[in-house]
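Numbering (the working numbering), first residue to last: 5 to 290.
All C-beta atoms, glycine included, are put in the ideal place defined by N, C-alpha and C.
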């Protein structure tokens, strides 16, 4: 199994998904069997409203990244296998806050914006969850859509703390590893996309990384894998999950190469030829 980890330097809009799809297409064109894996995904009901429509259509909470994987690359894998854990967020109602400062501060709190979640464990045992306290605080115009999703998905209502206990449970962590192994059975290369600005999607995945590509607008940086692993281990021991942020790690790790990336209208138009060739070269040495 050869795994390419794609992470983002920015919390939002680093360009991970378009780059990952473009890289996969380039490798497929060269004759490689490629799978995509996003262990943990998050998307906004407001900024990515199409995810609401797609979730209603498919009867499962799913982000636009996963739909793009399947539609553009033609992957023959289930949504649950490619993405076992999914969060939907929704912005809070600004009228609930006494000042704009408090409102803007709340927008920085990811867990306070999670309204729905999906956890799909081994054998595709899928459960949906509603964080009612957060859903009640969201903007009024989204509430009817959240209600439609609840009617469709039949989520269990629980607190954010209980949801996190489920996500960090042994069963879920084993599922994340299991899905990776299942995808590897039919693949030469697996591209694993992290979420937000997390350097890795989950800590146990670190030992399986063969290549690290960090994406930010205008550039892709390849990080020294050994140094990356040591940096992640060190920061995780001292800071916990906060230490997994890419911006805390990238300056402590040497870059093996960097490639400029131009803006494009679609992943198909993104020129990643040099990254494809370097990926193949590293693949052949492993």
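In the DSSP assignment, what residue or residues form a beta bridge with residue i?
i, result
"residue 142", "96"
"residue 45", "90"
"residue 84", "Its beta-bridge partners do not exist; DSSP assigns none."
"residue 133", "121, 160"
"residue 40", "195"
"residue 264", "223"
"residue 56", "DSSP output for residue 56 lists no bridge partner at all."
"residue 6", "193"
"residue 30", "In the DSSP output, where bridge partners are listed per residue, residue 30 has none listed."
"residue 12", "219"
"residue 259", "227"
"residue 249", "202"
Looking at C-alpha atoms only, which residue of the options is the closest neighbour of residue i?
i, options, result
"residue 39", "6, 56, 60", "6"
"residue 56", "236, 147, 167", "147"
"residue 195", "79, 46, 50, 61", "79"
"residue 20", "53, 73, 54", "73"
"residue 153", "77, 65, 267", "65"
"residue 197", "33, 101, 87", "87"
"residue 112", "63, 16, 34", "16"
"residue 199", "8, 9, 44, 23", "44"
"residue 271", "69, 287, 49, 169", "69"
"residue 118", "157, 290, 282, 165", "165"
"residue 204", "224, 174, 253, 189", "253"
"residue 51", "93, 36, 61, 63", "93"
"residue 136", "162, 144, 155, 222", "162"
"residue 279", "265, 273, 289", "265"
"residue 33", "246, 281, 262", "281"
"residue 190", "227, 36, 288, 11", "36"
"residue 331", "11, 77, 81, 96", "The question about residue 331 has no answer here: the residues shown for the chain are numbered 5 through 290."
"residue 11", "286, 288, 227, 261", "227"
Would you please state the rounded distance, in angstroms, between the beta carbons of residue i and residue j? I believe it to be under 8 angstroms.
i, j, result
"residue 31", "residue 201", "Incorrect: roughly 25 angstroms between the Cβ atoms, too far for contact."
"residue 84", "residue 142", "Wrong, their Cβ atoms sit about 26 angstroms apart, outside the cutoff."
"residue 229", "residue 23", "Contact doesn't hold; Cβ gap of about 18 angstroms is too wide."
"residue 101", "residue 107", "4 angstroms"
"residue 218", "residue 225", "5 angstroms"
"residue 283", "residue 8", "6 angstroms"
Can you have a look at residue i and say buried or exposed, based on whether 16 or more other CB atoms are within 10 angstroms of its CB?
i, result
"residue 133", "buried"
"residue 105", "exposed"
"residue 184", "buried"
"residue 47", "buried"
"residue 98", "exposed"
"residue 125", "buried"
"residue 138", "buried"
"residue 140", "exposed"
"residue 122", "buried"
"residue 90", "buried"
"residue 258", "exposed"
"residue 41", "buried"
"residue 58", "buried"
"residue 206", "buried"
"residue 18", "buried"
"residue 28", "buried"
"residue 159", "buried"
"residue 150", "buried"
"residue 222", "exposed"
"residue 248", "buried"
"residue 67", "buried"
8 angstroms is my cut-off, CB to CB: does residue i come that close to chain D?
i, result
"residue 188", "In the displayed structure, chain D is absent; only one protein chain is listed."
Any heavy atom of the ligand GDP closer than 7 angstroms to the CB of residue i?
i, result
"residue 79", "For the structure depicted, the ligand GDP is absent and the ligand set is empty, with no information on it obtainable."
Which runs of the beta strand (DSSP E), 3 residues or longer, sit entirely within the stretch 140-209?
193-197
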